[in-house]
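Here's the structure we're looking at; comments come further down.
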Amino acid sequence: MKVLWLCNIMLPEIARELNISYSNREGWLSGLYDHIMKDENTDIELLICFPFDDRETQNAIKAKAKSDSYKDIDVKNVIKFNTAHSTCYGFREELTTPEKYDAGLEELMQFILQDANPDIVHIFGSEFPHALAMARASGRRGRILLSIQGLCGKIADVYTEGIPSEIIESETFRDIVKNDSITQQKQKFEQRAVYEKELFSLVNHISGRTNFDKEATSYLNPNAAYHHLNENMRESFYRGRWNSNDCEPYTIFLSQGDYPIKGFHLLLKAMPKILLKYPEARLYVAGNDILGSSRYDVINKLKKKVKISSYGKYIKSLIFKNQLEENVIMTGPLDEEMMKERFLKSSVFICPSIIENSPNALCEAMLLGMPVVAAAVGGIPCLINDCKDGLLYEPGNISDLAAAVQIAWNRETAEEIGEAAAKRALKRHNRILNFMELMEIYKEIIKGNK
Numbered sequence: 003m004k005v006l007w008l009c010n011i012m013l014p015e016i017a018r019e020l021n022i023s024y025s026n027r028e029g030w031l032s033g034l035y036d037h038i039m040k041d042e043n044t045d046i047e048l049l050i051c052f053p054f055d056d057r058e059t060q061n062a063i064k065a066k067a068k069s070d071s072y073k074d075i076d077v078k079n080v081i082k083f084n085t086a087h088s089t090c091y092g093f094r095e096e097l098t099t100p101e102k103y104d105a106g107l108e109e110l111m112q113f114i115l116q117d118a119n120p121d122i123v124h125i126f127g128s129e130f131p132h133a134l135a136m137a138r139a140s141g142r143r144g145r146i147l148l149s150i151q152g153l154c155g156k157i158a159d160v161y162t163e164g165i166p167s168e169i170i171e172s173e174t175f176r177d178i179v180k181n182d183s184i185t186q187q188k189q190k191f192e193q194r195a196v197y198e199k200e201l202f203s204l205v206n207h208i209s210g211r212t213n214f215d216k217e218a219t220s221y222l223n224p225n226a227a228y229h230h231l232n233e234n235m236r237e238s239f240y241r242g243r244w245n246s247n248d249c250e251p252y253t254i255f256l257s258q259g260d261y262p263i264k265g266f267h268l269l270l271k272a273m274p275k276i277l278l279k280y281p282e283a284r285l286y287v288a289g290n291d292i293l294g295s296s297r298y299d300v301i302n303k304l305k306k307k308v309k310i311s312s313y314g315k316y317i318k319s320l321i322f323k324n325q326l327e328e329n330v331i332m333t334g335p336l337d338e339e340m341m342k343e344r345f346l347k348s349s350v351f352i353c354p355s356i357i358e359n360s361p362n363a364l365c366e367a368m369l370l371g372m373p374v375v376a377a378a379v380g381g382i383p384c385l386i387n388d389c390k391d392g393l394l395y396e397p398g399n400i401s402d403l404a405a406a407v408q409i410a411w412n413r414e415t416a417e418e419i420g421e422a423a424a425k426r427a428l429k430r431h432n433r434i435l436n437f438m439e440l441m442e443i444y445k446e447i448i449k450g451n452k
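Right, dumping it as structure tokens:
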């Protein structure tokens, strides 16, 4: 069975083989890829395609293609190369403007499809133009499986919640240059939702894992078959366990906070209430540092200041207003092992997002047996039994958020909830069962389209 994966990123396993930098996003792909590669009994021939728009990636895969004797495969901005485990296709795409659809992508997808000749095309995520281009190019809607990640339409609906109107309407120098104010960001998601809607109309098979994504996708395409499919997490998160004796007391971990839907601003509003009882509390925030600050020289400070977004400026103002300079630590991007270490060192993980389907970081925290606190939005209530294996709070309710954190810092409660979280997550993210379920979905698709 030949299966072509369309991914939004080059998988870390492939990037490491090419000795280039890589994104740590979409870790479930690594978990699934790792399992397929280690399964000696699988009959899957896996082919992988992904976009690139940087010179480092282009040079690395061109060099690999040349060593594989694929010297002229990139005539249409597609570069074919082999890794130790799979055949790959890198294709050129402008990734900084996903709200713009480039019809030229369809020609690239046709080229890949003709060369790969897959039995099934598995599209991971509906958020980027290449997903729609692949569905248009294929024309075999019955042989496409679309796996839901985020949903652009749902994101657009709530993008600015909890942000004052004067901040929404403001613009920094960076926003003006990039045409990327908060209002424009919302508009971009609205445009991406238009492409997303068409994509759903072009597929017969959809996989998801929450009541939230099932309801949303059934509205977008009521005739498509919906397949429940849980995700595999990154391999290292199945090892080790959070221990209240080993973590830093009264520390909060937020895995991402560089754009509004992740709810960083809501958590900062809750911090003064948390500090009333726990003045030593600290908040660690991973991912891109949006504060526009630099501890180095004057030139770097100026560059950072010029590059700050209106949302970053708002975050910075909340930190200063609430005197949180010593309580908020921006870690910068963390790789897999660094993320795991930060989970284990923190005393609670928080997901204050405005909208989510099934956030990867939340699932990884639960796998490690951490106490987790999350807003009851989107698909999150499908992941957590409130007060049993995590703590849910009313979305946008700052007092509830602060209270939930304080409950999670009771050692007995934390250990009890963390233990239950690990048990539930291990069942939900069982790599063998999830892999077997995916194989059954693939077989069902092929059987129904002979």
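Number 452 marks the last residue of the sequence shown (this note's numbering); no jumps. Quick reminder that beta carbons are idealized off the backbone N, C-alpha and C, glycines included.
Counterpart residues of residue 402 in DSSP-defined beta bridges: Within the sequence shown, residue 402 is the residue found at index 400, counting from 1. Looking at the DSSP assignment, residue 402 forms no beta bridge with any residue, so it has no partner.
Residue 12: first and last residue of the uninterrupted beta strand (DSSP E) it sits in: Start at 1 with the first residue of the sequence shown, and residue 12 comes out as number 10. Note, residue 12: premise wrong, no beta strand (DSSP E); not H, not E.
Residue 451 (DSSP reduced to helix, strand or coil): As a first step, residue 451 must be located in the sequence shown, where it is residue number 449. Coil, per DSSP.
6 Å CB neighbourhood of residue 300 in its chain, flanking five on each side removed: On the sequence shown, position 298 is the one that residue 300 refers to. Any answer about residue 300 is weak, because its pLDDT of 47 lies below 50 and its placement is not dependable; what the coordinates show is given next. Same-chain partners within the cutoff: there are none.
Spatially closest choice to residue 354 from 370, 397, 342, by CA coordinates: The residue given as residue 354 occupies position 352 in the sequence shown. Here the closest residue by C-alpha is 397.
Stretch pair the segment 335-345 + the segment 310-321: three plus CB contacts closer than 8 Å: no
Beta-carbon separation (whole angstroms), residue 98 vs residue 150, contact threshold 8 Å: The count along the sequence shown starts at 1 and reaches residue 98 at position 96. The count along the sequence shown starts at 1 and reaches residue 150 at position 148. Actually they are not in contact, since the Cβ atoms of residue 98 and residue 150 sit about 24 Å apart, beyond 8 Å.
Nonlocal neighbours in the same chain, by C-beta distance under 6 Å from residue 260, ignoring five residues either side: Here residue 260 refers to the residue found at position 258 of the sequence shown. Taken in chain order, the residues that qualify are 289, 290, 292.
Backbone secondary structure at residue 446 - three-state DSSP: The residue you call residue 446 lines up with position 444 of the sequence shown. In the structure shown, residue 446 falls within a helical segment according to DSSP collapsed to helix, strand and coil.
Cβ pair residue 373, residue 420 closer than 7 Å: Counting from one through the sequence shown, the residue named residue 373 turns up at place 371. Counting from one through the sequence shown, the residue named residue 420 turns up at place 418. Yes; because the gap between Cβ atoms is below 7 Å, this pair is in contact.
For residue 356 and residue 376, the rounded distance between their alpha carbons: One-based indexing of the sequence shown puts residue 376 at position 374. One-based indexing of the sequence shown puts residue 356 at position 354. Whole-angstrom Cα-Cα distance: 10 Å.
Contacting residues, own chain, Cβ-Cβ under 6 Å from residue 154 (five flanking each side not counted): Along the sequence shown, read from residue 1 onward, the residue named residue 154 stands at position 152. Excluding its 5 nearest sequence neighbours in each direction, residue 154 has C-beta neighbours in its own chain below 6 Å: 129, 191, 194, 195, 198, listed in chain order.
Residue 84, enclosing beta strand (DSSP E) - first and last residue: As a position in the sequence shown, residue 84 is number 82, starting the count at 1. Residues 80-84.
Helix, strand or coil at residue 170 according to DSSP, with G and I counted as helix: As a first step, residue 170 must be located in the sequence shown, where it is residue number 168. Reduced to three states, the DSSP call for residue 170 is helix.
Touch test, the segment 137-145 against the segment 204-217, Cβ-Cβ under 8 Å, three pairs minimum: yes
Residue of 266, 253, 267 minimising C-alpha distance to residue 280: Within the sequence shown, residue 280 is the residue found at index 278, counting from 1. Ranking 266, 253, 267 by Cα distance to residue 280 puts 253 first.
Length of the line joining the Cα atoms of residue 104 and residue 211: Here residue 104 refers to the residue found at position 102 when the sequence shown is read from its first residue. Here residue 211 refers to the residue found at position 209 when the sequence shown is read from its first residue. Cα to Cα, residue 104 sits roughly 30 Å from residue 211.
Supposed close pair residue 400, residue 268 - CB separation, criterion 8 Å: Along the sequence shown, one-based indexing puts residue 400 at 398. Along the sequence shown, one-based indexing puts residue 268 at 266. With 8 Å as the limit, residue 400 and residue 268 qualify as a contact, their Cβ atoms being about 7 Å apart.
Where residue 235 sits in the DSSP three-state scheme: Numbered from its first residue, the sequence shown carries residue 235 at position 233. Coil at residue 235, not helix or strand.
Assigned exposure category for residue 297 - 16 Cβ within 10 Å defines buried: Residue mapping note: residue 297 aligns to position 295 of the sequence shown, counting from 1. In this prediction, residue 297 has a pLDDT of 48, which is less than 50 and means its spatial position is unreliable; nothing more can be read from the coordinates.
Within 7 Å, strictly: CB atoms of residue 137 and residue 49: The sequence position of residue 137 within the sequence shown is 135, counting from 1. The sequence position of residue 49 within the sequence shown is 47, counting from 1. In this structure, residue 49 does not lie closer than 7 Å to residue 137 by Cβ.
Helix, strand or coil at residue 379 [DSSP, three-state]: Counting from one through the sequence shown, the residue named residue 379 turns up at place 377. Three-state DSSP puts residue 379 in coil, outside helix and strand.
Same chain only: Cβ atoms within 7 Å of residue 433, ignoring 5 sequence neighbours per side: Along the sequence shown, one-based indexing puts residue 433 at 431. Answer for residue 433: 33, 37, 234, listed in chain order.
7 Å Cβ shell around residue 326 - same chain, five flanking residues per side excluded: One-based indexing of the sequence shown puts residue 326 at position 324. These residues qualify, in order along the chain: 270, 273.
Any 3 or more C-beta pairs closer than 8 Å across the segment 79-98 and the segment 11-19: yes
Segment limits, alpha helix (DSSP H) that includes residue 110: Reading the sequence shown from its first residue, position 108 is the one you call residue 110. Element bounds for residue 110: 106-118.
Uninterrupted beta strand (DSSP E) stretches inside the segment 123-179 (no shorter than 3 residues): Segments of the beta strand (DSSP E) lying fully in the segment 123-179: 146-149.
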